[in-house]
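For what it's worth, full-length UniProt numbering labels the leading residue of the sequence shown as 1, then goes sequentially.
Idealized CB from N, CA, C, for every residue including glycine.
Being a predicted model, the structure only gives us computed values, none of them experimental.
Report on the following structure.
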Amino acid sequence: QKLGGTAAFIDAEHALDVQYASKLGVNVPELLISQPDTGEQALEITDALVRSGSIDMIVIDSVAALVPKAEIEGEMGDSLPGLQARLMSQALRKLTGTIKRTNCLVIFINQIRMKIGVMFGNPETTTGGNALK
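Printed below as a string of structure tokens:
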């Protein structure tokens, strides 16, 4: 923003503190903020913003909060293995070429989780599968 660019913030966690962001130097009135309800919605918004060619940087907070619609609509405790990883993989395949063409910077914020029962090796893992690695 300080260099004259346009930035967007996809707040999947619904936790953006605009006062704190302002103190950090973010020009909040000029920041495009979206608080999507599902992971698909967040990634479609990201795709539309990148394709527009008018956005210089997009921050997605966070990958862990990009919950697939099927998981939101399902019952508590339903097992949906790999759903978020598939969503991220598909989205990145779709976004990669457009990001390169438009020269838009897309930053995915993620969280570290601990693998249960790991005796050897790194017990830390990230959500969303391997597509972002």
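DSSP three-state assignment for residue i, whether helix, strand or coil
i, result
"residue 34", "strand"
"residue 116", "coil"
"residue 10", "strand"
"residue 16", "coil"
"residue 55", "coil"
"residue 106", "strand"
Buried versus exposed call for residue i [16 or more other C-beta atoms within 10 Å across all chains shown]
i, result
"residue 80", "exposed"
"residue 84", "buried"
"residue 28", "exposed"
"residue 119", "exposed"
"residue 61", "buried"
"residue 116", "exposed"
"residue 18", "exposed"
Beta-carbon proximity of residue i to residue j, cut-off 8 angstroms
i, j, result
"residue 50", "residue 132", "no"
"residue 45", "residue 104", "no"
"residue 87", "residue 40", "yes"
Any non-hydrogen atom of the ligand ZN closer than 7 angstroms to residue i Cβ
i, result
"residue 114", "The ligand content of the structure shown is nil, which means the ligand ZN is not present either."
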